[in-house]
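What follows is a short report on a single structure.
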């Protein structure tokens, strides 16, 4: 497990977030009202940058406390790992801290905690099943991971004792994972302006709420920008942008080209309006302009999506193979990003690039050594063969070679900072029967050809274009071409004589190869030498043109002298404003482009106190509320007009137009027979109740049965007609989504490639779209509230995911009484003749009746069992009381308790 950089700066004398957390006693940690009267609402306007940053500090502390409290309540389900030993560390950089190095037991099924830098853990001598087991209460933060040990700072001293039970393989202490503090710590550092290269220029720009902060330059215009960028204008025409998309892109480019003032541009992209396409085209234009740009998003998934879109445009535009990729960098935590599932991003992911460049630029095993080895082979084949005969000739790893002819040998070399790397090289075995010079040259050339081709390609692919100019890249490509030509025309197995081998240098293609390699070797002498991976990574970031990462991860760029001038934030409506402060403080930043939709879900906030303080509000949302100019993308290409009609009127004041594709008659799909299953339907279920589990997650089994029936019918239609159908089942509660998924899985064991179903909550569907969307509102008879589904943002997300059909399942009375939005939706469905009663459909009516009967039987059986258990416990308690000679008070308690149970059931 690789070590990570310290996120707690040793040299900082300021109070850190971890110091605040360490100050909380266990009583404080479990007190939900600890900051109840200490957090004030974050204002919309600010008097200064200090007022701005200070406004977020208390809400951030409260949100951190809420995360910890939530983890404490779920302590019985937390990941744990046994501690093998604890060593005290001494470090003058942390004179006032408790520093320790922990060695953990081997992972197992029940102990599977995998430490990460920034983790907050609790150290305990038992596996906790309740917060009461956390005694003593000692928490620690993971500062680094090195050589299999985790380095921590703890809130108190650790008295670790080795006991005999440990010697028998049983741990006496455990590390219990609570939460990860990395993102919150980064926000804390940004709010305290302790970042290297801090820059308050753009912060001050977004503080302005008057006309000065909102006005565009009176000198620079879109038309002037277009006229000065004819080549770019031609490229933009190929993207077929609509008028609103084109205006948004050119406005941002004009702002970037303006030299008179800094600019903050807002692009408002409602669902289905081609926001992703617009962002991709904008980034492509900035790349063509060689504008050094940082693109951020709130989550890893959002970053991967925008990077993938951009790279699809770049791949089709490169003139010289992969030359130019070196100007593009994506970085982040590979494990959390699950980067392995995105092979198309391998060549721009920083971690991969560092490994590739480390190999290419190694003085001992890099591309230069391969080139020189190839020259020696072609110039002096006899001498190389003699070395082989003497057993001194090493050859590179040949995947196709006969293992009987080679043996491996470990070769260790240092790359600086005391770090060493061990490589395995293959060496010719000493045999009684040696290879002839022809056989030796043929085999050796084949290995060197493959390695040299790979390394030279990797070099011009991964090095920034500022270091590998186009002319040099062309020479590198020529080297590869010449190597292949030598192999084809000269080194053909069994077609060359001993005399031919001795005369390699006389071939014209070989002479050109020598000359070209010599030129490339000379021109790459200026390439930097690196001492470790960190230096290579910083080199790539410093010289990149386009950088992609999460807003939180952009903190790394504050310690690198980048040339970033423009910040693009995708999904800006989901990014907490205090998190956007991190990239906004980049040194040299001049312009900001925010792309999002404040009408959809904001960032998730756990604490009710923080939520009331507007901690989840985005910079995008605040600027829109202050009437900052926005570029609206006003044509939607996703939803059938019958689906888009209500959300367009409810959330977007009828500003959205339907694209020509959704207006076509062929866009209307009838997957199931009957008016109830047209493009848009509300299906009223008059029966069924909502049940809640221990986590207050609700489910309605009648809705589950109806939806599973619809899924089964859709699946049947897909199979019978060989029709591709994608379906999304959306529910406000996880329990409902899980119940639908489990029930459908029971009846459908086949996996058809033409039929796909996704189950999830509203939050999980943001950004998704499917052919058919079925919304389960989880409403029933006597259930007076629709819960958080009633918020405008969640309703908007749920109602805008469908392409061809959207069917809403719920109880009319509950929806109308608990939510104005959903009440208007029901009335709208009635006005448009899209309202249907579920039990009036013969098949659904029978299904609803049988489900109610089955559920009543199960519920009655469960009640009976619970009643019997209560009786048994009451009788057992009474017997125990009598045995102990308890007085009449105990008997009366038992009788009273039993009477309560009898009345209850």
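Numbering (our numbering), first residue to last: 18 to 922.
A virtual CB, placed ideally from N, CA and C, is assigned to each residue, including glycine.
Cβ neighbour criterion (16 or more within 10 Å) applied to residue i
i, result
"residue 90", "exposed"
"residue 344", "buried"
"residue 596", "buried"
"residue 542", "exposed"
"residue 125", "exposed"
"residue 158", "buried"
"residue 551", "exposed"
"residue 749", "buried"
"residue 624", "buried"
"residue 44", "exposed"
"residue 400", "exposed"
Per-residue DSSP class, three states only, for residue i
i, result
"residue 97", "strand"
"residue 582", "coil"
"residue 708", "strand"
"residue 147", "coil"
"residue 657", "coil"
"residue 158", "strand"
"residue 360", "helix"
"residue 562", "coil"
"residue 824", "strand"
"residue 819", "strand"
"residue 384", "helix"
"residue 575", "helix"
"residue 51", "coil"
"residue 434", "For residue 434, the pLDDT reaches just 40, beneath the cut-off of 50, and the residue's location in the model is therefore unreliable, leaving the point undetermined."
"residue 787", "strand"
"residue 35", "helix"
"residue 761", "helix"
"residue 192", "strand"
"residue 20", "Residue confidence is low: residue 20 scores 38 on pLDDT, short of 50, so the model does not pin down where it sits. No coordinate-derived value is stated."
"residue 685", "coil"
"residue 197", "strand"
"residue 282", "strand"
"residue 745", "strand"
"residue 699", "strand"
Candidates the options, of which the one nearest residue i by Cα
i, options, result
"residue 729", "532, 622, 535 and 772", "772"
"residue 699", "160, 332, 855 and 285", "855"
"residue 143", "157, 618, 191 and 261", "191"
"residue 341", "765, 485, 625 and 466", "485"
"residue 60", "52, 71 and 53", "71"
"residue 36", "829, 205 and 853", "205"
"residue 929", "121, 95, 85 and 117", "Residue 929 is absent from the structure shown; the chain starts at 18 and stops at 922."
"residue 370", "286, 481 and 319", "481"
"residue 681", "657, 667 and 695", "657"
"residue 2", "660, 607, 591 and 398", "Coverage of the chain is limited to positions 18 through 922, which leaves residue 2 absent and any answer about it impossible."
"residue 391", "527, 260, 364 and 560", "527"
"residue 870", "704, 741 and 203", "704"
"residue 54", "629, 594, 736 and 864", "629"
"residue 605", "741, 311, 493 and 453", "311"
"residue 223", "495, 350, 644 and 172", "644"
Contacting residues, own chain, Cβ-Cβ under 6 Å from residue i (five flanking each side not counted)
i, result
"residue 220", "66 and 601"
"residue 304", "563"
"residue 297", "326, 327 and 330"
"residue 927", "Here the chain comprises residues numbered 18 to 922, so residue 927 is not present and cannot be evaluated."
"residue 451", "406"
Residue i Cβ short of 7 Å to the ligand ZN heavy atom set
i, result
"residue 499", "As far as ligands go, the structure on display features none, and thus does not contain the ligand ZN."
Close Cβ partners of residue i (< 8 Å) along its chain, the five nearest in sequence each way excluded
i, result
"residue 785", "745, 775 and 818"
"residue 266", "253, 258, 295, 298, 299 and 302"
"residue 293", "322, 323 and 326"
7 Å CB neighbourhood of residue i in its chain, flanking five on each side removed
i, result
"residue 182", "Per-residue confidence for residue 182 stands at a pLDDT of 41, beneath the threshold of 50, marking its modelled position as unreliable; no derived number is given."
"residue 862", "856"
"residue 803", "794, 796, 831, 832, 835, 836 and 839"
"residue 617", "590, 783, 810, 813 and 814"
"residue 740", "734 and 771"
Next on the checklist: In chain order, what are the residue ranges of uninterrupted alpha helix (DSSP H) at least 4 long that sit wholly in the region 62–93?
Outcome noted: 66–71 and 74–90
Item to check | alpha helix (DSSP H) runs wholly inside the region 589–675, at least 4 long, in chain order | outcome: 594–601, 625–629, 636–642 and 658–668
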